[in-house]
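Residue numbers (my numbering): 735 to 877. First comes the structure, then the notes that go with it.
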């Protein structure tokens, strides 16, 4: 049996917590996933880190759009803002666009893709620290 070790390039490893601001919450509708068709949402953040071009890094995390207390989306939002999405949905007040502009700290995790590329995925969204990040780079492409 042959095993293969995959490592991410060293310059991509951001093994620290970065300050960020949520710049978008996009409802992707129903998306085909490995687990079937699922409602998805994407949260986009601009961090205080710079990319290789000297611009603010944009980090993205997609979630299944479920508000059950054990869903990844609910756990992340509750850890970050203290909001209970299940309670908000129960009273018809679920609005993820209210996350836009909210400060956060992100724990990026270097990840290798199947084709050998790499990116930093958001492993955890934490409550904000003392540094406030101003959005600068990201603008949603309206269709």
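Where a beta carbon is used, it is the ideal one built from N, C-alpha and C, also for glycine. Given the structure is predicted, the values throughout are model-derived calculations rather than measurements.
As a quick exercise: from the options, pick the residue whose alpha carbon is nearest that of residue i.
i: residue 758; options: 764, 780, 841, 751; result: 780
i: residue 833; options: 846, 841, 862; result: 862
i: residue 843; options: 829, 795, 874, 802; result: 795
i: residue 836; options: 783, 868, 849; result: 868
Once you ignore the five residues that flank residue i on each side, which residues in its own chain have a CB closer than 8 Å to its CB?
i: residue 765; result: 771, 772, 773, 774
i: residue 831; result: 759
Please classify residue i: is it buried, with 16 or more other beta-carbons within 10 angstroms of its beta-carbon, or exposed?
i: residue 865; result: exposed
i: residue 849; result: exposed
i: residue 808; result: buried
i: residue 856; result: buried
For residue i, name the three-state secondary structure that DSSP assigns.
i: residue 805; result: coil
i: residue 821; result: helix
i: residue 865; result: coil
i: residue 857; result: strand
Going along the chain, which residues of its own chain have a beta-carbon closer than 7 Å to the beta-carbon of residue i, five neighbours each way excluded?
i: residue 814; result: 838, 859, 860, 861
Cutting at 6 Å between CB atoms, please list the residues of its own chain near residue i, excluding the five before and the five after it.
i: residue 785; result: 791
i: residue 797; result: 775, 806, 807
i: residue 803; result: 820
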